[in-house]
Structure formats: structure tokens, C-alpha cells
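What follows is a set of notes on a single structure, which appears directly below.
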Amino acid sequence: MNADSQAAVTDCLEAARACDAPIIIETSLWQLTGHSYGNGDPILGLTRYLADLTALSKSDRYRTVPVLFHTDHIKGPDALRILSAAIRGVPYRASTVSLDSSELSEEENIDLICRLCEIADDAEVPLSLEVEAGIDAGVTELAAADRLLGAVEASHPNRLALWAPGVGTQHGLSMRRDAFSPAAVEQHQRRASEICGRPIGIALHGSSGLSESDLRAGVAAGVVKVNWSSESLLIRSRAAQEYYATHACELEKTHPNWKSAAMDNGVQSFVSTRYVPAVIHRIQTLGGEGQAAEWHDRR
Ligand SMILES: [Zn+2]
Numbered sequence: 010m011n012a013d014s015q016a017a018v019t020d021c022l023e024a025a026r027a028c029d030a031p032i033i034i035e036t037s038l039w040q041l042t043g044h045s046y047g048n049g050d051p052i053l054g055l056t057r058y059l060a061d062l063t064a065l066s067k068s069d070r071y072r073t074v075p076v077l078f079h080t081d082h083i084k085g086p087d088a089l090r091i092l093s094a095a096i097r098g099v100p101y102r103a104s105t106v107s108l109d110s111s112e113l114s115e116e117e118n119i120d121l122i123c124r125l126c127e128i129a130d131d132a133e134v135p136l137s138l139e140v141e142a143g144i145d146a147g148v149t150e151l152a153a154a155d156r157l158l159g160a161v162e163a164s165h166p167n168r169l170a171l172w173a174p175g176v177g178t179q180h181g182l183s184m185r186r187d188a189f190s191p192a193a194v195e196q197h198q199r200r201a202s203e204i205c206g207r208p209i210g211i212a213l214h215g216s217s218g219l220s221e222s223d224l225r226a227g228v229a230a231g232v233v234k235v236n237w238s239s240e241s242l243l244i245r246s247r248a249a250q251e252y253y254a255t256h257a258c259e260l261e262k263t264h265p266n267w268k269s270a271a272m273d274n275g276v277q278s279f280v281s282t283r284y285v286p287a288v289i290h291r292i293q294t295l296g297g298e299g300q301a302a303e304w305h306d307r308r
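Structure, rendered in C-alpha cells:
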């Protein structure tokens, strides 16, 4: 779940708890620098995000929910500084990290990934990586997996956990849904696992708008992490729109309930009633329901 506010994170953990499911909470650069977290400062944003998520996930209500924190779509001149902080800890650390490769050549992608491994080596901390390639540019050729994953695995073995090739999806809400290729997922999952000599999971970007059957087919083919952002934002913003439209008279200063209607809790509690069921449905579609216990057992 790409969650962009404390209220959204709370709703995601609430949905996971209701499903007895593990959940990955991820944040992109626009959340770290956004108003709810860093207000322009990505390191401050990371610090606040991780502090809040850690406090929430260790609280009595959510301590049984397995939570991973992933940094997603970090790019630009600050990428190495931000990801270095995520790896070393501020003071809490990210579970998995990824670079946005959309503006990088393959050589630059490999070089930056290897530098992240060196940062983890120097700090003597664990690091699990998601490597991506040309997500919005159609289906990635298998040879790209050989080049990218092969180079990283050869110089820094056992750091790779996830591979995000292009499989026909695109970020946003306007893509051609029929372009999604579960066959490409299956081929890339097999090839990536052969290259690394252990199971590598496929991360599916651009999942907004995919049908339930597409999502199930993706999971069956080897998808283990599904990034969900655009559709999620739409559900939350439309719910907020509905709240303000239906509570307009309570927001008059003469109304006896104006204060509770005006508080952040008013709109966020309303959004939650729309959003949590949608996340629960998503978890169920992807097969996450009931898997928290198994995750704890494996640990
Ligand atoms: Zn993405």
C-alpha cells in the first residue's frame, strides 16, 4: 500500500488486522517531501514516517500484523542520500528499498544499486533490494534481467529479493488494461530466480485498474508484491469530497456539531469507512487473508 498520510497508514493496518494478513507499507519521494511528513525535507519525512509506522505497528492493536516498510520510486539527485538514510536508519530502518530507474541507464541503475549494497556493507546492516527496469515501457526483455540482476548478484550476492520488470502495466489510471501479461511475470520470475539461485518475487507496479482476475493471475504467475497507489488515492479523495459535500451544514459556525465536523478526525473517520473495506477486498483478492500466522511461523 502506497500510503501518503498517517490516517492512510492507520487504515491500511486496520484492514490487514481485519484480514489477519501481512502488509507492505511503502512511501515514495512525494510522500517524504509532502506536507504530512517532511514538508520539503525528505530525510525529516523518512524519519517521521518510520517513527509513526513503528509506533503504530508495535501498538497493542496492531502488534500481530506483520508489517514491512518499503521505499518506492526514490529518484533524482537526492536518491542516494535518502536511501542511505533508509538503510542506515533514522533511527528506524526500511525493510526493503528500491530506486526509480525511469531516468537511469542500465549502467547507472547497476552502479547505484551496487553503491546501496556498499552502504549496507559499511554499516553492517541487512539490506533487501527491489530492482526495477522500464516499468512503463511495455514488457521487459528477459535479457535485461540477465544484465541487471546478474551484475548486482555477481558483486553483491544475496541482496536482491524483488524484481520489477515491465509486464505491460503502466502507472496511473489511463493505461490499456489488456496489455498486462501474466506470462511475462512467470518468465521473469523463473529467470530472476535462476540468476540468483533462490526464489525472487516479482513486484507489480501500475496495478491500479487491473481486474480481479488479472490480479489473481499475476499472483499465480509469481507476483509477491503489488504496488497500489493511484486507485487508492482516488478512493480516499472521493470519500473526502463526499464528506465535505454531505457535512456542509455542520461546517457552519452556528451548527452545534461544527467543531467535531471540522476536526481532522471528522473527515478521516469518514474516509476510513470507505477506504478500509476497499483495502480488505484488495487483500482478499491477492490471497493475503489469513497469512499473518504463517508469516510469524516462518520468522
Ligand atoms: Zn511504481
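Numbering (my numbering), first residue to last: 10 to 308.
C-beta: ideal position from N, C-alpha, C; glycine also.
Where residue i falls: helix, strand or coil (DSSP)
i: residue 174; result: strand
i: residue 282; result: helix
i: residue 262; result: coil
i: residue 214; result: coil
i: residue 32; result: strand
i: residue 99; result: coil
i: residue 150; result: coil
i: residue 81; result: strand
i: residue 105; result: strand
i: residue 93; result: helix
i: residue 234; result: strand
i: residue 164; result: helix
CB contact flag (residue i, residue j, <8 Å)
i: residue 139; j: residue 171; result: yes
i: residue 235; j: residue 224; result: yes
i: residue 94; j: residue 55; result: yes
i: residue 191; j: residue 230; result: yes
i: residue 249; j: residue 276; result: yes
i: residue 148; j: residue 175; result: yes
i: residue 1; j: residue 213; result: There is no way to answer for residue 1, as the model of the chain reaches only from 10 to 308.
i: residue 205; j: residue 169; result: yes
i: residue 177; j: residue 201; result: no
i: residue 25; j: residue 292; result: yes
i: residue 217; j: residue 238; result: yes
i: residue 158; j: residue 228; result: no
i: residue 115; j: residue 156; result: yes
i: residue 252; j: residue 280; result: yes
Cβ distance (whole Å) where residue i is taken to contact residue j below 8 Å
i: residue 106; j: residue 125; result: 7 Å
i: residue 270; j: residue 256; result: 5 Å
i: residue 38; j: residue 79; result: Wrong, their Cβ atoms sit about 13 Å apart, outside the cutoff.
i: residue 197; j: residue 152; result: Not really, about 11 Å apart at Cβ, beyond 8 Å.
i: residue 97; j: residue 132; result: 5 Å
Nearest to residue i (by Cα), restricted to the options the options
i: residue 304; options: 26, 18, 30, 25; result: 30
i: residue 119; options: 204, 162, 128; result: 162
i: residue 35; options: 22, 44, 26; result: 22
i: residue 77; options: 11, 195, 27; result: 11
i: residue 134; options: 267, 104, 53; result: 104
8 Å Cβ cutoff, residue i in contact with chain D
i: residue 64; result: Annotation note: the requested chain D is absent from the structure, which comprises a single protein chain.
Discussion item. Which residues neighbour ligand 1 when neighbourhood means a C-beta less than 5 Å away from any of its non-hydrogen atoms? List them by chain order.
Written reply: What you get when you keep residues with a C-beta closer than 5 Å to any heavy atom of ligand 1 is 214, 236.
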